[in-house]
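All remarks here apply to the structure that follows.
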Amino acid sequence: MSNGDFEPLQPARLDWQADTPVATDFDDPYFSRQDGVAESDYVFLKGNRLDQRFRALLPGQHFVIGETGFGTGLNMLLAARLFLRLAPEDTLLDLLSVEKHPLHAEDLARALAHWPDLADLTAPLQRQYPPPCPGYHRLQLHPRVRLTLMYGEATAQWRHCHSEVDAWFLDGFAPSRNPDMWQPELFRQLARLSRPGTTFATFTAAGEVRRGLQEAGFQVRRIDGFGHKRHMAVGEFGDDNWTARHWQRGHALIAGAGLAGASSARALAERGWRVTVLDPAGIAQGASGNLAGVVYSTPSGHPTPQNRFYQMSYVHALRWLNRFEFPGPEQGRLNGVVQYPVDQRQKDKLDRALESGAWPDTLLMPRDDGGMLLAGGGYLRPGAWCETLLAHPAITVRRDKVTGYVAGDPVRVSLQGGDELEADTLILATAAQARRFDDLHWLPLKIIRGQVSYCRATEASANWQQARCHGGYLTPAVDGLHCVGATFDLHDDNPRPSDHHDQMNLLQLKQYLPEAWRELGGKHIEVVDRRVAFRCQSNDFLPLCGPQPRELGPILDQAPGVWLNLAHGSRGITGTPLCADLLADRLSDLPLPVDDTLEEALAPVRFLLRQRRKKRPRRT
1 MSNGDFEPLQ PARLDWQADT PVATDFDDPY FSRQDGVAES DYVFLKGNRL DQRFRALLPG
61 QHFVIGETGF GTGLNMLLAA RLFLRLAPED TLLDLLSVEK HPLHAEDLAR ALAHWPDLAD
121 LTAPLQRQYP PPCPGYHRLQ LHPRVRLTLM YGEATAQWRH CHSEVDAWFL DGFAPSRNPD
181 MWQPELFRQL ARLSRPGTTF ATFTAAGEVR RGLQEAGFQV RRIDGFGHKR HMAVGEFGDD
241 NWTARHWQRG HALIAGAGLA GASSARALAE RGWRVTVLDP AGIAQGASGN LAGVVYSTPS
301 GHPTPQNRFY QMSYVHALRW LNRFEFPGPE QGRLNGVVQY PVDQRQKDKL DRALESGAWP
361 DTLLMPRDDG GMLLAGGGYL RPGAWCETLL AHPAITVRRD KVTGYVAGDP VRVSLQGGDE
421 LEADTLILAT AAQARRFDDL HWLPLKIIRG QVSYCRATEA SANWQQARCH GGYLTPAVDG
481 LHCVGATFDL HDDNPRPSDH HDQMNLLQLK QYLPEAWREL GGKHIEVVDR RVAFRCQSND
541 FLPLCGPQPR ELGPILDQAP GVWLNLAHGS RGITGTPLCA DLLADRLSDL PLPVDDTLEE
601 ALAPVRFLLR QRRKKRPRRT
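Residue numbers (UniProt numbering): 1 to 620.
This is the structure in structure tokens:
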């Protein structure tokens with residue numbers, strides 16, 4: 001994959017007055033808001049026969065709509081409203097839409113204000129509307145309706161997608177105005193993702209579009225267009241023998257009640273799974289149990305899989321927190337994180353991130369004091385976040401330890417208390433302890449000791465509002481205490497805290513944030529308490545998220561029913577929501593929240609594949 005597939009986006013701006021017609025993605029750039037709804041309904045909803053197809057869905061079935069140009073979102077919002085009106089309860093709708101030039105948030109709000117009868121759907125869209133960062137952005141418009149916005153060039157985005165689609169909205173400017181989109185490669189990608197009988201509708205009846213669709217395998221018909229437009233095109237892929245699909249549900253066991261386990265449990269429960277979480281120590285007692293943690297990322301201008309995950313997981317975590325209205329009072333604040341580079345290398349990296357356009361100025365802003373503000377981030381209580389996630393009627397938390405398991409259908413799990421359980425799947429969210437299980441000794445995990453110091457707030461420090469990152473981190477006061485940390489030691493496995501490591505934290509604070517050190521008391525800083533935890537990190541700094549791989553001689557396959565969600569390092573608050581959605585969607589056979597390059601970058605099997613490539617003899 002070339003980096004060009006994920007080039008920085010140039011947001012579009014609609015220049016209208018509040019009382020003028022709304023710009024759209026149709027041939028005519030301006031028309032009345034009533035005609036806009038009527039045209040979308042006629043072309044895309046009726047053109048794909050959505051009313052009768054939604055009515056015909058059965059409980060447990062799932063429908064996917066793909067769109068080639070999101071624009072103001074009107075088409076998708078109308079489809080969602082129709083689905084909620086006609087489809088039976090216990091059905092799901094996934095909306096997948098590409099946009100190369102996403103609107104600025106304020107322009108989107110002005111456009112959506114023209115359709116007040118869609119307010120139940122436009123409100124969550126506006127709350128969760130993502131910044132113009134290339135890649136996938138998952139939004140929850142309703143408990144039964146999900147929108148995945150894919151920012152970037154249409155053909156490239158669909159090339160990296162593997163979600164089967166039931167109906168296509170082929171929207172966007174006409175071929176004469178946007179020839180780069182209407183290309184044979186786009187039609188081939190649409191065909192690849194179509195099921196037998198998948199329908200399409202488009203406002204254009206241009207000959208090159210109809211021929212391109214036919215050559216890709218679609219049956220194409222030209223019918224009367226809307227209003228003054230003489231014709232439009234509709235059709236099906238292959239034959240018209242379309243059938244709806246069911247998504248997968250069952251019983252999941254999750255080993256570990258920290259951030260990875262709690263977020264995985266919640267994601268599965270929201271998809272209809274019954275979940276049992278197993279942890280002998282209870283909720284958030286390991287590395288997720290600090291008094292406060294920072295929601296942050298490390299911006300970079302280079303679109304490597306690692307940097308793309310750091311960015312995508314950050315904005316994804318902010319949407320989760322927004323949806324749960326977390327943190328509440330006394331639980332933290334999402335009012336931005338200030339990052340101070342500790343050397344010229346870090347400063348250059350932050351500057352390049354700004355200059356690249358990959359990190360828009362709505363997310364990353366320079367400050368006069370030499371720091372960078374990471375907008376939307378903040379600090380929160382990880383334990384309270386885990387408890388919030390686990391508060392769902394389909395989730396049971398049990399204090400017991402998984403001592404062994406046998407992969408299969410079903411998975412059989414042995415517990416320390418003597419019980420044996422069976423389930424459809426087992427997710428290991430036990431950090432480095434996963435290596436104690438058979439077939440997982442090979443996991444390339446690093447165990448990093450970290451000690452955080454809890455320092456009593458002073459009159460001056462009690463006024464601090466934002467979390468700050470430097471060589472370590474510093475939070476505003478929580479229960480009258482500031483978190484100052486944390487040490488980073490690969491070679492110390494002592495679980496007991498020490499005065500020496502408190503001093504290391506304070507010396508680091510003095511070095512990088514001397515004014516804060518003085519306001520906290522300087523030489524008289526009072527360390528009230530401290531906590532030691534062990535981070536788990538992989539050798540390539542990305543989590544392990546996917547099915548457990550296993551080697552059967554020369555064959556690599558998957559251990560049936562066993563999945564991993566491990567190695568989030570010091571970014572557990574940030575990385576676990578995206579990984580949880582990825583696992584839950586894969587297990588449920590639903591569209592994924594990431595493209596295939598990120599899915600592969602996170603897959604645990606990547607390490608075994610790398611080992612095999614190294615062992616291959618070189619060709620002479």
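All C-beta atoms, glycine included, are put in the ideal place defined by N, C-alpha and C.
Check, Outcome
"Identify whether I448 lies in helix, strand or coil by the three-state DSSP scheme.", "strand"
"Throw me the rounded Cβ distance for the V594 and L582 pair, which I believe falls under 8 Å.", "6 Å"
"Is it buried or exposed, K100, if we count other Cβ atoms within 10 angstroms and call 16 or more buried?", "buried"
"In angstroms with no decimal places, state the Cα-to-Cα distance between Q10 and L556.", "42 Å"
"Considering only the beta carbon of each residue, do V209 and A191 sit closer than 8 Å?", "no"
"Once you ignore the five residues that flank D28 on each side, which residues in its own chain have a CB closer than 6 Å to its CB?", "Note on D28: pLDDT 37, under 50, position unreliable in the model; no value is reported."
"Can you tell me where the alpha helix (DSSP H) holding L77 begins and where it ends?", "L74 to L86"
"Can you tell me the Cα-Cα spacing of A105 and M150, whole angstroms?", "16 Å"
"Classify Q548: buried if its beta carbon has 16 or more other beta carbons within 10 angstroms, exposed otherwise.", "buried"
"Does DSSP classify R606 as helix, strand or coil?", "helix"
"For L58, name the three-state secondary structure that DSSP assigns.", "coil"
"So Y136 is in the beta strand (DSSP E); what residue range does that whole segment cover?", "G135 to H142"
"Which residue wins for smallest C-alpha separation from E551, given the options R606, L490, G569 and A265?", "R606"
"Taking C-alpha atoms, which residue in S300, Y129, P410 and G261 lies nearest to K347?", "S300"
"Tell me whether A113 sits in a helix, a strand or coil according to DSSP, three-state version.", "coil"
"Below 8 Å CB to CB, which residues in the same chain sit around R221 once its five sequence neighbours on both sides are set aside?", "A233, V234 and G235"
"Below 6 Å CB to CB, which residues in the same chain sit around L509 once its five sequence neighbours on both sides are set aside?", "V484 and W517"
"H114: which of G73, L490, Q189 and R266 sits nearest, CA to CA?", "G73"
"Where does the unbroken alpha helix (DSSP H) through Y512 begin, and where does it stop?", "D499 to Y512"
"Among G225, L93, R496 and P303, which one has its Cα closest to the Cα of residue 689?", "Since the first residue shown for the chain is 1 and the last is 620, residue 689 is missing from the structure and cannot be characterised."
"How many Å lie between I283 and G258 at the Cα?", "6 Å"
"Between which two residues does the alpha helix (DSSP H) carrying A384 extend?", "P382 to L390"
"Could you spell out where the beta strand (DSSP E) holding N565 opens and where it closes?", "I555 to L566"
"Would you call the CB atoms of R249 and S538 closer than 8 Å?", "no"
"Take K229 and list the residues in its own chain whose beta-carbon comes closer than 6 Å to its own, dropping the five residues that flank it on each side.", "none"
"Comparing C-alpha positions only, which one of L93, C386, C579 and R308 sits nearest to G286?", "C386"
"Is the Cβ-Cβ distance between L390 and V337 less than 8 Å?", "no"
"Nearest to C161 by CA position, among G417, E600 and A384, is which residue?", "E600"
"In the DSSP assignment, what residue or residues form a beta bridge with C455?", "H482 and V527"
"On the three-state DSSP scale, how would you describe L93?", "strand"
"E185 lies in the alpha helix (DSSP H); which residues open and close that run?", "P184 to R192"
"Would a C-beta distance cut-off of 8 Å place T155 and L108 closer than the cut-off?", "no"
"Mapping the DSSP letters down to three states, classify P299 as helix, strand or coil.", "coil"
"When DSSP labels each residue in this structure, what does D25 get in the three-state scheme?", "Bear in mind that the predicted position of D25 carries a pLDDT of just 39, short of 50, making it too unreliable to give a figure here."
"Taking its Cβ as the centre, do 16 or more other Cβ atoms sit within 10 Å of V528, making it buried, or is it exposed?", "exposed"
"Expressed to the nearest angstrom, what Euclidean distance is found between the alpha-carbon atoms of G569 and S263?", "16 Å"
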